[in-house]
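Notes for the one structure printed next.
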């Protein structure tokens with residue numbers, strides 16, 4: 442991917458903020474240009490249409506996910522698990538319009554892109570659960586299906602924002618609201634873990650500033 446100019450980066454940052462706050466459909470290119478004290482013509486020189494803005498942001502998100510997946514060095518199980526959880530949660534917060542509004546600019550879910558990182562992200566979570574199993578940290582008397590557990594945990598983390606909007610009726614979702622997702626994620630995972638593993642995960646979480 443060609444490196445973006447400083448102006449292009451500013452345009453995408455302003456676009457992402459507007460799409461997050463107002464929604465893709467309710468945001469105009471002129472509004473974005475005005476927020477940057479820029480003419481609409483200058484903006485469209487870099488990104489001809491509003492859809493181009495959304496797709497460029499989406500491309501950048503998938504690039505971030507791929508760079509993390511291919512560049513992260515393994516650490517302790519607890520650290521790796523919490524890092525995976527928080528990275529995904531922060532990403533879905535920072536670019537929350539993508540899953541919420543994609544139908545308006547792309548006509549289908551992001552997971553249907555051939556270069557989508559969502560499948561790899563899910564498989565990364567399943568791999569962490571398999572590490573838990575390999576290290577003997579699951580309760581022995583509790584039946585589990587790794588794929589089903591992984592899918593349940595992934596859904597909580599990725600679609601928490603939908604729950605907040607649709608069931609709690611929140612029009613503006615704050616980072617504090619988003620952080621509650623961690624409690625729900627761990628509430629599903631912890632009943633399967635031995636006490637020592639739960640404490641290790643809690644300690645790893647306490648070390649992060651969220």
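Residue numbers (this note's numbering): 442 to 651.
Virtual Cβ for every residue (Gly too), placed ideally from N, Cα, C.
query, result
"Assigned secondary structure, residue 580 (DSSP; H/G/I helix, E/B strand, else coil)", "coil"
"Beta-carbon spacing of residue 589, residue 602 below 7 Å", "no"
"Same chain, Cβ closer than 7 Å to residue 451, neighbours up to 5 away in sequence not counted", "477"
"Integer-rounded CB distance, given that residue 598 should sit under 8 Å from residue 505", "About 16 Å; that fails the 8 Å criterion."
"Bridge-paired residues (DSSP) for residue 634", "579"
"Reference residue 502; option with closest CA among 467, 611, 532, 568", "532"
"C-alpha distance - residue 629 paired with residue 594, whole-angstrom precision", "7 Å"
"Simplified DSSP state of residue 478, which is helix, strand or coil", "coil"
"Residue from 455, 491, 519 with nearest C-alpha to residue 635", "519"
"Exposure label - residue 498; buried when at least 16 CB within 10 Å", "buried"
"Stretch pair the region 540-556 + the region 471-487: three plus CB contacts closer than 8 Å", "no"
"Endpoints, the alpha helix (DSSP H) within which residue 449 is located", "447-463"
"Candidates 633, 485, 500, 530, of which the one nearest residue 620 by Cα", "530"
"C-beta contact flag for residue 570 and residue 591 at 7 Å", "yes"
"Alpha-carbon spacing of residue 495 relative to residue 568, whole angstroms", "31 Å"
"Other residues of its chain near residue 649: CB distance less than 7 Å, five sequence neighbours each side excluded", "523, 527"
"Per-residue DSSP class, three states only, for residue 558", "coil"
"Start-end ranges of the alpha helix (DSSP H) lying completely within the region 486-521, minimum 4 residues", "491-512"
"Residues near residue 536 by beta carbon distance below 7 Å, same chain, minus five either side", "457, 498, 502"
"N-terminal and C-terminal residue of the alpha helix (DSSP H) that residue 591 is part of", "587-607"
"Three-state secondary structure assigned by DSSP to residue 536", "coil"
"Between the CA atoms of residue 470 and residue 464 - distance to the nearest angstrom", "13 Å"
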